[in-house]
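The sequence shown stops at residue 376 when you use our numbering, and every number in between is there.
Beta carbons are placed, not taken as given, at the ideal position from N, Cα and C, and that holds for glycine.
A short worksheet on the structure shown next.
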Amino acid sequence: MQKEPLNLLFIGFGNVGRKLASILSVEKAGYSGLTGFSPRVIGIITRRHGALVNYDGLKLRDVLAFYQNNAGFNHKHPDFTEMDAKTAVNKLPYNVLVELSTLSIADRGEPARSYIQSALEQGKHVVSANKGPLAFSYLDLKLLADRNDCMLLHEATVMDGTPVFNLARTALYGCQITRVSGILTSTTNYILTAMEGGVSFDQALHQIQVMGIAEADPTYDIDGWDSAAKICILANAFLSGCLTPLQIPRQGIREISGRDIETNSGQGKKLKLIGSAWMENNRAAARVAVESIPIDHPFANIRGTGSVLQIETDLMSPLIIAHMSPGLNDTAFGVINDLLTISREFQRD
Ligand SMILES: NC(=O)c1ccc[n+]([C@@H]2O[C@H](COP(=O)([O-])OP(=O)(O)OC[C@H]3O[C@@H](n4cnc5c(N)ncnc54)[C@H](OP(=O)(O)O)[C@@H]3O)[C@@H](O)[C@H]2O)c1
């Protein structure tokens, strides 16, 4: 499929990084669409769980087993290194930076934003599942990528692997998007759906944490920051906005009680956390709010970890894309799909 394998540098090896590594090694034979796709992971850097570097490519199957057996990487692994992320991004001979580190709102997407910037400045491609850098610096990073003729792809940042950015870039080419709205955070939708069935808020949160879907800091989900980051990326990418999660009106689900859910149910409605972005006075605007959705609206039937986005355009009538029960496979797929896109371009070089 490609002349030279892509050399990847992973920043982060948490739930998403390990799932991605597993699909690219242990599980790969089960996915015929990945036949011939053999990127070479030359570095994996974590914050507190060690790092590995091997220019010939790490043996991902062994790396996963080692990580599991040792709760991280250490000197016992032949490829162990003390290298930190900043050094790795600046020194290693990778073609694609794969940014899978933790979402940071308080630090406005840092340090991941700086890693991505450094990679793009060197003309390296970037794939990010991390929303922070895109939510806070979409325009700057995109301009930098364009200037240096490299790709900055981030399909997994919104609705996991659902082709939202791919859809806009390809299938909706020729339409101007005017408004987007939807259920963007799996964790909050899972909690609200579980509460409809009588499960307590705390129990539901624990369940979604065990599934590896909640953010490392779950208050980012519960207080609406995750949705705010996602709707800002959408507003900035589709509506040429310059918004950050700190600037937009935001509500979370922390205050929602079982009684609120029952009351809405009695009125034929469901409570959903909705992110929306639209044009107002020629500028992009966005918000995140808990909304009472009539039971016959398509958003009301998105249950559990499901997510949905309605896209309105000038030319096409509104369309809705839904993802019924996304999990880690889907996020990993979003990253893999971006890597395949880069791989196709790379082959042309
Ligand atoms: N989980 C999902 O379903 C999902 C879905 C879509 C998008 N995402 C996004 O994907 C990213 C990864 O998610 P995850 O669930 O894999 O998170 P996670 O399990 O918390 O893992 C985060 C990884 O990033 C590493 N890390 C954090 N800061 C770092 C730094 N400064 N330098 C190097 N490594 C650093 C952590 O290292 P240590 O373990 O040593 O701290 C860990 O390996 C997040 O940004 C998340 O928002 C996740």
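Beta-carbon proximity check, residue i vs residue j, cutoff 8 Å
| i | j | result |
| --- | --- | --- |
| G251 | G279 | yes |
| A255 | D248 | no |
| I38 | S128 | yes |
| W305 | A312 | yes |
| N81 | D111 | no |
| I338 | V207 | yes |
| E148 | L130 | no |
| I288 | E182 | no |
| N291 | L298 | yes |
| G159 | G136 | yes |
Residue i - DSSP class collapsed to helix/strand/coil
| i | result |
| --- | --- |
| F107 | strand |
| Q29 | Note that Q29 has pLDDT 41, beneath the 50 cutoff, so the model's placement of it is unreliable and no number is given. |
| P160 | helix |
| H324 | coil |
| M238 | coil |
| H76 | coil |
| R330 | coil |
| R135 | coil |
| K86 | coil |
| F265 | helix |
| L119 | coil |
| E372 | helix |
| S319 | strand |
| R286 | helix |
| V125 | strand |
| F37 | strand |
Inter-residue CB distance, residue i and residue j (contact presumed, cutoff 8 Å)
| i | j | result |
| --- | --- | --- |
| G209 | I301 | 7 Å |
| L33 | N122 | 5 Å |
| K48 | V90 | Looking at the sequence shown, residue 48 is not Lys but Ala. Yes, they are in contact, since the Cβ atoms of A48 and V90 sit about 7 Å apart, within 8 Å. |
| P334 | N216 | According to the sequence as given, residue 334 is Ser; it is not Pro. Their Cβ separation, rounded to whole angstroms, is 7 Å, which keeps S334 and N216 in contact under 8 Å. |
| L119 | L36 | 6 Å |
| P406 | T205 | This structure cannot settle anything about residue 406, because the visible part of the chain is limited to 28 through 376. |
| I283 | Y165 | About 30 Å separates the two Cβ atoms, so there is no contact after all. |
| I69 | A359 | With a Cβ gap of about 19 Å, I69 and A359 do not count as contacting. |
Ligand 2 heavy atom lying under 7 Å from the CB of residue i
| i | result |
| --- | --- |
| R277 | This structure does not include ligand 2; its bound ligands are ligand 1. |
CB contact check: residue i to chain B, cutoff 8 Å
| i | result |
| --- | --- |
| E289 | Within the model displayed, chain B is absent; a lone protein chain is all it includes. |
TODO: Specify which residues have a beta carbon nearer than 6 Å to any heavy atom of ligand 1, listing them in chain order.
DONE: Any residue whose Cβ sits closer than 6 Å to a heavy atom of ligand 1 makes the list: I38, G39, F40, G41, N42, V43, G44, I72, T73, R74, R75, H76, A112, L127, S128, T129, L130, P138, A156, N157, K158, A183, D187, G239, I240, E242, A243, L355 and T358.
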